[in-house]
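Position one of the sequence shown corresponds to residue 1 (UniProt numbering), numbered consecutively onward. From the three backbone atoms N, C-alpha and C, an ideal C-beta is built for every residue, glycine too.
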Amino acid sequence: VDLVTTAVGPVVLERIAPAIAKGLVKRKEQGNESPLNIIACEDMVRGTTQLKGHVMNALPEDAKAWEEEHVGFVDSAVDRIVPPSASATNDPLEVTVETFSEWIVDKTQFKGALPNIPGMELTDNLMAFVERKLFTLNTGHAIT
1 VDLVTTAVGP VVLERIAPAI AKGLVKRKEQ GNESPLNIIA CEDMVRGTTQ LKGHVMNALP
61 EDAKAWEEEH VGFVDSAVDR IVPPSASATN DPLEVTVETF SEWIVDKTQF KGALPNIPGM
121 ELTDNLMAFV ERKLFTLNTG HAIT
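1) Look at Leu36 and Val78 and say whether their C-beta atoms are less than 8 Å apart.
2) For the 8 Å Cβ check, are there 3 or more pairs between the region 58 to 70 and the region 90 to 103?
3) As a quick exercise: from Asp62, Val55 and Ala7, pick the residue whose alpha carbon is nearest that of Gly72.
4) Taking the Cβ atom as the reference point for each residue, do Glu33 and Leu13 lie within a distance shorter than 8 Å?
5) Starting from Met120, follow its DSSP beta bridges and name the residues at the other end.
6) Could you tell me which of Gly47, Thr99, Ala7 and Lys52 sits nearest to Pro83, measuring between CA atoms?
7) Alpha carbon to alpha carbon, how far is Glu131 from Ile143? Give it in angstroms, no decimals.
8) Please list, in chain order, all residues of the same chain as Ala21 whose beta carbon is under 7 Å from its beta carbon, the five residues on each side excluded.
9) Could you please give me the residues that DSSP links to Ala77 through a beta bridge?
10) Where in the UniProt domain "Mannitol dehydrogenase N-terminal" (2 to 118) do unbroken runs of the alpha helix (DSSP H), each at least 4 residues long, occur, reported from the N-terminal end onward?
11) Could you tell me if Gly140 is buried or exposed, where buried requires 16 or more neighbouring beta carbons within 10 angstroms of its beta carbon?
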């Protein structure tokens, strides 16, 4: 199973959708019927569902049925904090992250076999994890 992930920020999803749509059309034209799953790893609720809407708007009509059959748009909840910090090496590409991370993925939206990826936690109740995050982590941030 092929997998594409994004981590570009919620407002950028609409901008990258045309490029994803072009890639899907190319995949269809080449006769590639292997399942492809796309996961938007963004700090937003149902980000991949929103990305799918933008991609569908960019797809030609004759590619939409193929997309529904062969492409899974899989929602996820991500939690990885990148605190502000100065680079110890002056490397502009250096990113410091906290050790805790969580990547919860809706297993009901995959096309084809479920992937076995270290760090990915599959669930059939994604919204329970989203609500937990909103009411615990994000509420604490809003209070401070």
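To lay it out plainly:
1) no
2) no
3) Val55
4) Glu33 is not a Cβ neighbour of Leu13, given a cutoff of 8 Å.
5) Trp103
6) Thr99
7) 17 Å
8) Val55, Ala58 and Leu59
9) Ile104
10) 13 to 29, 47 to 58 and 61 to 70
11) Gly140 should be labelled exposed.
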